[in-house]
Amino acid sequence: MNNTILEMQHITKEFPGVRALDDVCFSVIEKEIHCLVGENGAGKSTLMKILSGVYPYGDYEGEIIFNGLEQKYSTISDSKKAGIAIIYQELALVPELTVYENIFLGHEIMNGLVIDWNETIKKATQMLKKVGLDVNPTVKVKELGLGKQQLIEIAKALSMDVRLLILDEPTSALNESDSENLMNLLRDLKKHGVTSVLISHKLKEVIEIADRVTVLRDGKTICTLDAHKDEVKENVLIKHMVGREINNVYPKRDATVVDEKVFEVKHWNAYDPAIGREILKDINLNVRKGEIVSLAGLMGSGRTELALSLFGNPRKYHVNGEMYVNGKHVHLKHPEQAIKSGLAYVTEDRKGNGLILIQDVKQNITLANLRAIAERGIVNRNEEVVASNEYRNTLNIKTPSIEQKVLNLSGGNQQKVSVAKWLFVQPKVLILDEPTRGIDVGAKYEIYTIMNRLVEQGMSIIMISSELPEILGMSDRIYVVSFGRITGELSAKEATQEKIMKLATD
Amino acid sequence: MSFIKNIGKTVRDNIRDYGMFLALFAIMIFFTITTKGVFISPRNISNLINQTGCIAVLAVGMTLVIVIRHIDLSVGFLAGFMGAIAAIAMVSWHFPVWVVIPMVLILGILAGLLIAFLVAKMGIPSFVASLAGWLIYRGALLLVTLKTGTIIIPNATYNAIGNGYIPDLPGVGILPGVHKLTLLLGILAVVIFIIGDVRDREKKKAYGFEVSTMDIFIMKIVFTAALIMAVTWVMAGYNGLSWTFVIVLAVTFVYHFITTQTVLGRYIYAVGGNPEAAELSGIDVKKITYIVFGSMGMLAALSGILYSSRLQSATTIAGQLFEMDAIAAAYVGGVSAGGGVGRVTGSIIGALVMMSLTNGMNLMGIDISSQYIVKGVVLVLAVVFDVATRNRGK
Ligand SMILES: Nc1ncnc2c1ncn2[C@@H]1O[C@H](COP(=O)(O)OP(=O)(O)OP(=O)(O)O)[C@@H](O)[C@H]1O
Ligand SMILES: [Mg+2]
């Protein structure tokens, strides 16, 4: 019964200055769910890009055997034809097209020479139902949140005849219930004969769903564990991934909160003229010195919109209400003023509005606070190198050099650059929007440690997160946001997953 | 052995940067041979540089406009119109030349800001806004030259900008027939360059950074110094530095400095690389748009001054197709249409490449129709080279 459907042998792949994969062997059995785990930059995405033909035959060493035949893909469509569908870590939808157009992009349903739109919409609706997504297929993709876009990607993959489905961190942007849906979906597909390879940093879901797990570290295969032999356990995985044990996922911190309000908003309302709707209603919140306050809630509850409206309102919502930073009443008309008054905002969408992908690591790190390393408007590039290297070391950013373009970094390391950029601003209030999205356990621990260190130094942090354990593990206080309103405030002591979920769906 | 290897590596790493230089070099050698040396004669080189001037300054401004993902089609006729305004100011209104030049430059800035206003404030695509500008300035140019036709500019000071040369040192007897001040300036430039590079290297060392090996470092200095001296020698052998050359050098220097060394420059490239991320990083994208279009307008006015003074007149079709030459020069010089990528110096080289082609083919007596075709092919080749080497860099 144990039919090997895929065999990747002795795969080696080099980029200028990096050996991303070093003699990697990876095999997948038919109708299993095979998880691929490893630290940021371990080479997971690269391996899957080789499998799907993004890096064509000849660009790497080693061989791929799929369905018993050696494969030499030169484009993605070659692998598609063979029945391999991949959903990339960085979403690849066309924002200006509708949901149904996106789902069938590249394999349109034809009626003679023209596209059969009626049939397309009908099929698209079925696909959406299959992935458990309740949206109108005729809306444009850009109007949907990241989580929903992710499900559309999956619907798109399913709309083709797929035998091997590869998902590169599909749940990093999903909340718990959506992730749960997705896991059920994968089990369902497995019953229908689809094999999946799942890359994830969420070890809980890996343990829950995997038949087997392969661990990569520094471009090498460390081991393959079998769940049916009871080999897949969290501490075992972590040990193989990072090469050491991490016992406590959330590092301890001493009480750091000082009873002094550093940031406060009162009666904050926002109206988004672009969609013609009120998006925030009567928000009241405050953050004290040295405090970590979380905004919990479901995807699309308005937390990111709240952060943006506070951070100089770049989307030009119509806002009213009062905001105080360090007790001073401020009116922030632009992110520039927000930064000056002591705020910083790490966006949830590092690729879209967080980083400048075509620029290098150091330019990204220093951009939001260039004046700190400039004199009379002239950038001191030596200082820039020093500063960037410092952050590269503290955050352990994996890159051959700080002159590397951010585009060429692994997803998790891009996230670290994004965090580094805002730490360099040295704000009083740091707003983190999904700060550990796509980050490995080791690096998560590092980021949490840094958050603790920052609040110990007197900084205040507002963290937006869709991961309840993270919220419970890191916060001093929690606001729950639902449909643009704050529906509850919980202290760290009284908060539980159930209480938060209940308030979040209010 | 390791020296050779080092050179090989340096060349490979910088093939994109030197590619256009090499192309320019090849084109120059080609024309020198086909014209039996006429092309490389000091007189022609001097002429070539003066011809290039008005496109080169436009290309510099256009580089930044394209970097921030916009385009400005209006600059050609804006240059023509500004030249005409300068002529009228001197001829009809009897303004002194020292008033006319700043006035025209300021008018240019205002014209640029107007487009920026339409783009940044009203949200009109720059292609459309500047196309409207193209029409309007073309009409305006025709209007002001309607009664008189071509306006002859009698002012010798003004005309020297496009035709004159810097004065020589008086009373130095040595080296007859050689322009001493030019030579002196050339030597000065080399000295400043060497001091700058050595200082930079020392500073890097002080920070404990890795620096290029000594042999490579010296080779680079010798090479650059030789290049500067060669150009200087050719110029000094004729009439010395032309004012146009001085102006283009100054513009290039200032813009190169701004784009590579300053906070403003960083902001411009950040806006081009990802406007949303730039905005969230506290950069006022609108302000940058105003600055870039304002500078473009000023350079268009400068281009108009260079052109009208070179012709010693303002004509009814002055500036026609300048914008296209400037855009082509920028693309040949490695500016990317995707935004966020492109160098000022690259665009200057691009302008020189395009002008060398025109000049060389004119000398060879090649028909204008074939000239256009050749230039089109070169444009495509340059961009293909650029795209190919860029992907390889990944
Ligand atoms: N196009 C590229 N050019 C240069 N280096 C690259 C490129 N793509 C990836 N790399 C490097 O290869 C290594 C592996 O990257 P990869 O994206 O496969 O990591 P990953 O395991 O998917 O990490 P993550 O969990 O952060 O997504 C990294 O060190 C990365 O910097
Ligand atoms: Mg990855």
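Here the protein sequences come in this chain order: A and B.
If you read the first sequence in our numbering, its first letter stands for residue 535, the second for the next number, and so on.
If you read the second sequence in our numbering, its first letter stands for residue 98, the second for the next number, and so on.
Glycine is no exception: its CB is placed at the ideal position from the N, C-alpha and C atoms.
What you are looking at is a predicted structure, and each value in this text was computed from that prediction instead of being measured.
Would you kindly work out how many angstroms separate the C-alpha atoms of residue 127 of chain B and residue 287 of chain B, rounded to a whole number?
Rounded to whole angstroms, residue 127 of chain B to residue 287 of chain B spans 28 angstroms at the Cα level.
Tell me which residue opens and which closes the alpha helix (DSSP H) that residue 258 of chain B is part of.
Unbroken alpha helix (DSSP H) run through residue 258 of chain B: 253-260.
Give the single residue among A/794, A/927, A/1013 and A/1031 whose Cα lies nearest to the Cα of residue 981 of chain A.
With distances taken between Cα atoms, residue 981 of chain A lies closest to A/927.
Short check: CB of residue 997 of chain A to CB of residue 969 of chain A, under 8 angstroms?
Cβ distance < 8 angstroms, so residue 997 of chain A and residue 969 of chain A count as in contact.
Starting from residue 1041 of chain A, find everything on chain B with Cβ-Cβ shorter than 8 angstroms and list it in chain order.
Nothing about residue 1041 of chain A can be reported from this structure: the residues present for chain A run from 535 to 1040 only.
Does the beta carbon of residue 442 of chain B come closer than 8 angstroms to any beta carbon on chain A?
So no, residue 442 of chain B is outside the interface.
Can you check whether the C-beta of residue 374 of chain B is within less than 8 angstroms of a C-beta belonging to chain A?
Closer than 8 angstroms: yes.
Run through the stretch 754-791 of chain A for me and flag every whole beta strand (DSSP E) of 3 or more residues, listed as ranges in chain order.
As far as the stretch 754-791 of chain A is concerned, its whole beta strand (DSSP E) runs of at least 3 residues are 754-760.
Going by CA-CA distance only, name the one from A/835, A/848 and A/920 that's closest to residue 1020 of chain A.
Residue A/835 is the option with its Cα nearest to residue 1020 of chain A.
Using a Cβ-based criterion (distance less than 7 angstroms to any ligand heavy atom), does residue 623 of chain A qualify as near ligand 2?
Under cutoff, so the answer is yes.
Looking only at C-alpha atoms, which of B/291, B/302, B/252 and B/152 sits nearest to residue 195 of chain B?
Per the Cα distances, B/252.
If you follow the alpha helix (DSSP H) that residue 870 of chain A is in, where does it begin and where does it stop?
It spans 869-874 - the alpha helix (DSSP H) in which residue 870 of chain A sits, taken as one unbroken run.
Which residues in the same chain have their Cβ closer than 6 angstroms to the Cβ of residue 542 of chain A, if we skip the five residues on either side of it in sequence?
The residues are 560 and 598.
Is the beta carbon of residue 746 of chain A closer than 8 angstroms to that of residue 568 of chain A?
Contact flag set, yes.
For the stretch 696-736 of chain A, which segments carrying the alpha helix (DSSP H) assignment without a break, of at least 4 residues, lie completely within its bounds, in sequence order?
The qualifying runs are 710-725.
Give me, in chain order, the residues of the same chain whose beta-carbon lies closer than 7 angstroms to that of residue 254 of chain B; leave out the 5 immediate sequence neighbours on both sides.
Closer than 7 angstroms at the Cβ level, and outside the excluded window around residue 254 of chain B, lie 194.
Quick check: does the Cβ of residue 578 of chain A come within less than 7 angstroms of any heavy atom belonging to ligand 4?
Ligand 4 is absent from the structure shown, which contains only ligand 1 and ligand 2.
How close, in whole Å, do the beta carbons of residue 333 of chain B and residue 275 of chain B come, if the pair is a contact with beta carbons under 8 angstroms?
Sure, about 5 angstroms apart at Cβ, within 8 angstroms.
Can you tell me whether residue 231 of chain B is buried or exposed, with buried defined as 16 or more other CB within 10 angstroms of its CB?
Buried, since its Cβ has 16 or more Cβ neighbours within 10 Å.
Suppose the cutoff is 6 angstroms on Cβ atoms and the five residues either side in sequence are ignored; what does the same chain contact list for residue 1007 of chain A look like?
Here the set comprises 784.
Between the stretch 789-802 of chain A and chain B, which residues of the former have a C-beta closer than 9 angstroms to a C-beta of the latter?
Answer set for the stretch 789-802 of chain A: empty.
Using Cβ-Cβ distances below 9 angstroms, what residues of the stretch 855-869 of chain A are close to chain B?
Going along the stretch 855-869 of chain A in chain order, one finds 868 and 869 with a Cβ nearer than 9 angstroms to chain B.
Let me know if residue 220 of chain B comes out buried or exposed under the rule of 16 or more other beta-carbons within 10 Å of its beta-carbon.
Label assigned to residue 220 of chain B: exposed.
Can you tell me the Cα-Cα spacing of residue 336 of chain B and residue 133 of chain B, whole angstroms?
Taking the straight line joining both Cα atoms gives about 22 angstroms.
Beta-carbon within less than 7 angstroms of residue 437 of chain B's beta-carbon, same chain only, minus the 5 sequence neighbours each way: which residues are those?
Correct list, in chain order: 164, 366, 369 and 370.
Report yes if the C-beta of residue 702 of chain A is less than 7 angstroms from at least one heavy atom of ligand 2; otherwise report no.
Checking every heavy atom of ligand 2 against the Cβ of residue 702 of chain A, one is found closer than 7 angstroms.
Quickly, what does DSSP pair residue 957 of chain A with across the bridge? List them, please.
According to DSSP, residue 957 of chain A bridges with nothing at all.
Which complete alpha helix (DSSP H) runs does the stretch 193-243 of chain B hold, if anything under 4 residues is left out?
With a minimum length of 4 residues, the continuous alpha helix (DSSP H) runs that stay inside the stretch 193-243 of chain B are 194-213 and 223-241.
Helix, strand or coil, according to DSSP, for residue 190 of chain B in the structure here?
It is coil, neither helix nor strand.
Find the nearest neighbour of residue 877 of chain A within the set A/620, A/994 and A/989, judged by alpha-carbon distance.
With distances taken between Cα atoms, residue 877 of chain A lies closest to A/994.
Is residue 427 of chain B close to chain A, meaning its C-beta is less than 8 angstroms from at least one C-beta of that chain?
Judged by the 8 angstroms Cβ criterion, residue 427 of chain B is not in contact with chain A.
Mapping DSSP to helix, strand and coil, what is residue 565 of chain A?
Of the three classes helix, strand and coil, the one that applies to residue 565 of chain A here is coil, per DSSP.
Please check if any C-beta of chain A sits within less than 8 angstroms of the C-beta of residue 306 of chain B.
Yes, residue 306 of chain B counts as interfacial toward chain A.
Compare the beta carbon distance of residue 455 of chain B and residue 247 of chain B with 8 angstroms and say whether it is the shorter of the two.
No, Cβ-Cβ distance for residue 455 of chain B and residue 247 of chain B is not below 8 angstroms.
By the DSSP assignment, the beta strand (DSSP E) with residue 823 of chain A in it spans what residues?
Residues 811-823.
Looking at residue 552 of chain A and ligand 1, is the gap between the Cβ and the nearest heavy atom below 7 angstroms?
Answer for residue 552 of chain A: yes, Cβ within range of ligand 1.
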